[in-house]
Every structure is written in structure tokens, then in C-alpha cells.
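Read through the structure below, which is laid out as C-alpha cells, and then see the notes.
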Amino acid sequence: MHLRFLLRRLSMFPLLMLSLLLLVGCDETPTGRSQLALIPEHLMAQMGEDTFEQLRRDQPISRSAPVNRQVQCVAREIVAAAEAIYPNADLPDTWEIAVFEDPSPNAFALPGGRIGVHTGLLDVAENSAQLAAVIGHEVGHVLADHGNERLTQQLGIKAGLLLVGLFGEGELGHQQLMQALGLGAQLGISLPFSRAHEEEADLMGLAIMARAGFDPRQSVSLWRNMAAAGGGQPPEFLSTHPAHGSRIKALQLAMEDAETTYRGVTRADCTG
Ligand SMILES: [Zn+2]
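Residue 95 in numbering that gives the first Met the number 0 sits at position 96 of the sequence shown, with consecutive numbering throughout.
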């Protein structure tokens with residue numbers, strides 16, 4: 000159904016919508032942080048899906064068999080571990096991972112379980128475990144519903160403003176929704192998540208990669224490689240993410256738990 004049409008239909012029942020949204024809105028992330036995420040999940044998933052489809056049409060996709068094999072293998076292990084660690088999280092119906100031909104060392108996650116990896120990331124990630132650190136981080140963003148929270152914040156939605164902002168006279172355009180999601184001019188990934196989101200995704204990613212059987216210490220190496228790859232100009236991924244020093248410190252604080260987990264599971268094998 001067309002988004003604008005859907006919003007218009009919903010706006011006919013403002014009180015019903017408001018109570019529904021508040022009901023689903025008061026939430027906790029998988030790490031126990033309370034969040035306000037008021038956009039209906041199916042709407043978020045639909046937007047993620049549409050955007051991903053558009054990216055797949057507009058951007059060249061990597062046809063390298065070994066690259067796709069490795070990325071899909073890591074993603075499969077990461078998703079299985081994430082579902083095992085966070086059984087109560089709102090899981091997407093399906094996950095879809097695509098490798099885009101793009102030299103910038105970047106990856107992104109869209110609501111609804113769509114994850115994109117740039118080929119440039121594979122030059123920076125030296126092994127499957129380092130790739131797992133990034134994909135784990137992106138899966139963390141999805142599981143913790145960061146896109147929804149960011150959109151909610153961006154729209155300034157509070158109970159009273161909801162009807163005015165989302166369903167009222169200043170009708171919310173598709174464009175605005177996309178921008179709020181970070182899906183604007185640069186095809187989807189230009190708006191940064193907040194610092195809190197990045198830290199949460201980092202910690203979730205670390206726990207997930209360890210559980211999946213990837214050496215968690217490789218996460219630190221990955222972020223170091225990212226910083227080095229940037230030279231004077233930090234790569235896109237870094238510029239929208241916390242300073243690598245502080246993120247490495249936070250990762251190291253959580254490393255002991257992650258290593259304990261890692262020692263207790265079968266090693267992942269995505270080498271070939
Ligand atoms: Zn991130």
C-alpha cells in the first residue's frame with residue numbers, strides 16, 4: 000500500500016492510532032535501555048524494503064562469488080547468534096544482505112532486516128571475524144530498532160505532537176520520512192545514528208560475534224584498520240560513528256565477557 004495513502008487512512012482514527020502507538024511505543028532495547036519508538040513496525044519494515052530495492056536497482060552489486068560467499072556466510076552465522084542471544088527482540092521476518100560495488104569501507108542496516116556491505120569494507124576487514132564485527136554491529140542497529148527511534152526523535156514525536164506532526168495537516172511527505180531515516184540524498188546512509196545508538200550497536204555486535212564463534216578481539220583490530228584506512232580523511236563509516244579511540248575503549252571493557260562466550264562455542268568457519 001502506498002505510504003501516503005496509508006497515513007491518510009490512519010489519520011481518520013487519530014485517537015485509536017494514538018493509543019495504539021503509545022501502547023507499542025514504550026519499549027526497551029535488547030540491552031535494557033528504554034526507548035521511544037512510535038512508528039508502526041510494518042511501516043518501518045516497508046520503508047526499509049523499498050529503500051533496499053531502490054539501492055539494488057541503482058547501485059552495482061558485486062558479482063564476485065567468493066566475496067558473496069564470505070559475506071553471506073558471516074551474515075548467516077551472525078543472524079543465527081543474534082536470534083539466540085536476543086530471543087525476545089523484534090526480529091525481522093527475513094534478513095537480506097547484499098554486497099554493493101563501492102570503494103568506501105562502509106556498511107549499513109535498514110529497518111526490516113536489510114543489510115548492505117560495500118566492497119571497500121572487504122579491503123579493510125582482514126578476515127571473517129573483522130567482517131563479523133561490522134555485520135554484528137549492523138544487526139545490532141536492526142534488533143535495537145534504532146531506525147524507528149531515530150525517526151521518532153527526528154519527527155519530535157511526543158504524544159501530543161503526534162497527531163499534528165505525523166497525521167495532521169502538515170502531512171508528512173515520503174521525502175521527510177526517508178530523510179529522517181537517513182535515506183536522503185546519499186541514498187540512504189548519510190544521517191548518523193546517535194552516539195548512544197552506536198555504542199549500543201557496538202556492544203551488541205561484540206556479544207553477537209562472540210556467540211557466533213568469531214574472535215571478539217578482532218573487533219578492535221577492525222576499528223583500528225578503519226581508522227588507518229581513513230588517512231587524513233576519515234572514511235564515511237567512521238565519520239558517522241564514534242571516535243575510534245572511545246569505541247575501542249568501550250569494546251575493551253566488554254571484552255572479558257565476550258571472550259568467555261567465545262571460548263564456550265564452536266568456532267565459525269567462513270574462510271572459503
Ligand atoms: Zn552504526
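For every residue, glycine included, the Cβ atom is placed at its ideal position computed from N, Cα and C.
Check your understanding: Taking DSSP as the reference, what is the three-state secondary structure of ALA128?
Key -> helix
Point to revise | Reference THR118, options PRO59, GLU148 and ALA143, closest by Cα | key: PRO59
Review point. From this set, ASP214, ARG266, ARG75 and LEU205, which residue's C-alpha is nearest GLU125's C-alpha?
Key: ASP214
Check your understanding: Is any heavy atom of ligand 1 found at a distance shorter than 7 angstroms from the C-beta of SER200?
Key -> Looking at the sequence itself, residue 200 is Ala, so the reference to Ser does not match. Yes, ligand 1 has a heavy atom inside 7 angstroms of this Cβ.
Check your understanding: Apart from the five residues on each side of it in sequence, which residues of its chain come closer than 6 angstroms, Cβ to Cβ, to ALA88?
Key -> PRO29 and LEU142
Check your understanding: At what residues does the alpha helix (DSSP H) containing ARG194 begin and finish?
Key -> 194-210
Review point. Among ILE134, VAL66, HIS196 and ALA227, which residue has its Cα nearest to the Cα of SER33?
Key: HIS196
Review point. Between LEU54 and THR151, is the Cβ-Cβ spacing less than 8 angstroms?
Key: no
Exercise for review: Find out if the Cβ-Cβ distance for the pair ASP201, HIS145 is shorter than 8 angstroms.
Suggested key: no
**Study point:** Beta-carbon proximity list for GLU27, same chain, < 6 angstroms, skipping 5 on both sides
**Key:** SER33
Point to revise | Where VAL138 falls: helix, strand or coil (DSSP) | key: helix
**Study point:** Euclidean distance between Cα positions of VAL264 and ALA226
**Key:** 30 angstroms
Review point. Would you call the CB atoms of ALA211 and ALA79 closer than 8 angstroms?
Key: yes
Review point. Apart from the five residues just before and just after ALA97, which ones in its own chain have a Cβ nearer than 7 angstroms to its Cβ?
Key: ARG55, ILE60 and GLY115
Practice item. Quick one: residues in its chain with C-beta nearer than 7 angstroms to the C-beta of LEU90, no 5 flanking neighbours on either side, listed in chain order? Key: GLU82
Check your understanding: Is the closest heavy atom of ligand 1 to the C-beta of HIS117 under 7 angstroms?
Key -> no
Exercise for review: Enumerate in chain order the residues of its own chain whose CB-to-CB distance from VAL219 is below 6 angstroms, with the five nearest sequence positions on each side excluded.
Suggested key: ILE247 and LEU250
Review point. Who are the Cβ neighbours of ALA74 in its own chain at under 6 angstroms, not counting the five residues just before and after it?
Key: ILE96 and ILE134
Review point. Start and end of the alpha helix (DSSP H) containing VAL73?
Key: 64-84
Exercise for review: Pull up the DSSP beta-bridge partners for GLY115, would you.
Suggested key: ALA97 and PHE107
**Study point:** heavy atom of ligand 1 below 7 angstroms from GLU197 C-beta
**Key:** yes
Practice item. Report, in whole angstroms, the separation of the C-beta atoms of MET208 and ILE77, which I expect to be a contact under 8 angstroms. Key: 7 angstroms
Check your understanding: For GLU48 versus GLY111, is the C-beta distance shorter than 8 angstroms?
Key -> yes
Practice item. Look at the alpha carbon of PHE51 and the alpha carbon of ARG113, and state the distance between them as a whole number of angstroms. Key: 7 angstroms
Exercise for review: Run the CB neighbour count on GLY231, radius 10 Å, all protein chains shown included, and call it buried at 16 or more, exposed below.
Suggested key: For GLY231, the predicted structure reports a pLDDT of 47, less than 50, and the residue's modelled location is therefore unreliable. A value from the coordinates is still provided. Label assigned to GLY231: exposed.
**Study point:** Contact set for ALA106: own chain, Cβ-Cβ below 6 angstroms, skip 5 residues either direction
**Key:** VAL116, LEU120, VAL133 and GLU137
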